[in-house]
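Note that the sequence shown covers residues 6 to 280 in the numbering used here.
A virtual CB, placed ideally from N, CA and C, is assigned to each residue, including glycine.
Contents: one structure, followed by commentary.
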Amino acid sequence: MLKALVNSTIYTGSEKLSGKALLIKNDRIEAILDPGSLPEGAEVIDCGGNYLSPGLIDLQIAGGGGYLFSSNPSVEALHAITEALVTSGTTGFLIALPTNTFDVYREVIRVVRDNPHPAVLGLHLEGPFISHLRGGAHTRNYIRVPKKDEIESLLADAGGVVKMLTVAPEVCNSEIIKLLNDKGVVVSAGHSNATFKEALQGFDWGIRTTTHLFNAMSQLHHRDPGLPGAAFQSENACASIIADGIHVDYNVISIAKKLMKERLFLVSDAVEENR
């Protein structure tokens, strides 16, 4: 069956289109065309002048629907978070878990692993292998030094649901980074006090991105550019950024975008808990 979405501003990811219709066939986008050239028999849906865009993807969000998943790792919380995000336009996400005990990690892994949903892309473990000096809101008592056997055991239990892991490059070695990469985990540098040299070395070892650029990390300084400078300098490293104007000033966001271009991406790092 054909459906035509009209009266909207269509955002394609690279441009905004007005006065166009989006044609859908069998739940897939068929074409973008002029409203006057719609196929006969297509069901016309008026979008009321709203924006029409692809679903958002958030690779770091800690809760939603009234739940913080790390403090309530239940099926009920997972369903509430998923529904809240999907109905507000986020159609794919990684649930972020701040530094915690391995027992909590394993419980969270079990819930996500045993209750799959197409919007739940997996887990982003934000820790526990991070810097005490740049822990931010993380509980310092749970921060630990990475050990190969512990990581192997945790990932064996995970069954592939751990997709991303934030580490401080200065507390990891090349063997740990290689292990995570070999297991299919995207390694991100964050909550780190790494020098420019340490951060670049981490990227050379296989760290692929940076967690919430500028926040909870060594700062860009003219005598040592730190982790942000290494992310700018690297040709391959990406970086997430919280673009709310509070975590990072809008002018700094603009500078980072000019330097990193498509290597810079948005995350919400949203936290919610009122149940």
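Beta-bridge partners of residue i, as assigned by DSSP
{"i": "D51", "result": "V11"}
{"i": "P103", "result": "E131"}
{"i": "F98", "result": "D63 and V125"}
{"i": "L73", "result": "G68"}
{"i": "T200", "result": "None, per the DSSP bridge assignment."}
Among the options, the one whose alpha carbon lies nearest that of residue i
{"i": "T87", "options": "V113, L205, V172 and H122", "result": "H122"}
{"i": "T17", "options": "P78, A36 and G46", "result": "A36"}
{"i": "P230", "options": "G60, A161, L205 and T216", "result": "L205"}
{"i": "L99", "options": "N256, Q238, R280 and L271", "result": "L271"}
{"i": "S179", "options": "V190, K202, F201 and G211", "result": "G211"}
{"i": "T144", "options": "L90, E45 and H196", "result": "H196"}
{"i": "S75", "options": "L90, T106 and L57", "result": "T106"}
{"i": "V150", "options": "I181, N120 and A163", "result": "I181"}
{"i": "M222", "options": "F201, S158 and K262", "result": "F201"}
{"i": "R111", "options": "A142, T95, D162 and S93", "result": "D162"}
Distance CB(residue i)-CB(residue j) smaller than 7 Å
{"i": "L218", "j": "A194", "result": "no"}
{"i": "L43", "j": "L27", "result": "no"}
{"i": "D254", "j": "Q65", "result": "no"}
{"i": "R139", "j": "N198", "result": "yes"}
{"i": "L185", "j": "L170", "result": "yes"}
{"i": "I148", "j": "T104", "result": "yes"}
{"i": "L83", "j": "V49", "result": "no"}
{"i": "G97", "j": "L130", "result": "no"}
{"i": "L269", "j": "A244", "result": "yes"}
{"i": "E15", "j": "L7", "result": "Per the sequence shown, residue 15 should be read as Ile rather than Glu. Going by C-beta atoms, I15 is not nearer than 7 Å to L7."}
{"i": "G70", "j": "A89", "result": "yes"}
Beta-carbon separation (whole angstroms), residue i vs residue j, contact threshold 8 Å
{"i": "F134", "j": "A173", "result": "7 Å"}
{"i": "V166", "j": "I114", "result": "6 Å"}
{"i": "A67", "j": "A101", "result": "5 Å"}
{"i": "L225", "j": "K168", "result": "Actually they are not in contact, since the Cβ atoms of L225 and K168 sit about 28 Å apart, beyond 8 Å."}
{"i": "N77", "j": "D51", "result": "Not quite, the Cβ-Cβ distance comes to about 40 Å (not below 8 Å), so this is no contact."}
{"i": "E175", "j": "S239", "result": "E175 to S239, Cβ: 16 Å. No contact."}
{"i": "P277", "j": "L73", "result": "Reading the sequence as shown, one finds Glu at residue 277 and not Pro. That belief holds up - the Cβ atoms of E277 and L73 are roughly 6 Å apart, short of 8 Å."}
{"i": "T216", "j": "A242", "result": "About 12 Å separates the two Cβ atoms, so there is no contact after all."}
Distance cut-off 6 Å: residue i Cβ against heavy atoms of the ligand SAM
{"i": "N178", "result": "Ligands are entirely absent from the displayed structure, and the ligand SAM is therefore not among its contents."}
C-beta neighbour in chain C for residue i, strict 7 Å
{"i": "L38", "result": "As a matter of chain content, chain C is missing from the structure shown, which is built from one protein chain."}
Extract the residue ranges of the beta strand (DSSP E) inside the stretch 205 to 253, only unbroken runs of 3 or more that lie entirely within it. 244 to 246
Which runs of the beta strand (DSSP E) spanning at least 3 residues fall entirely within the stretch 105 to 134, listed in chain order? 125 to 131
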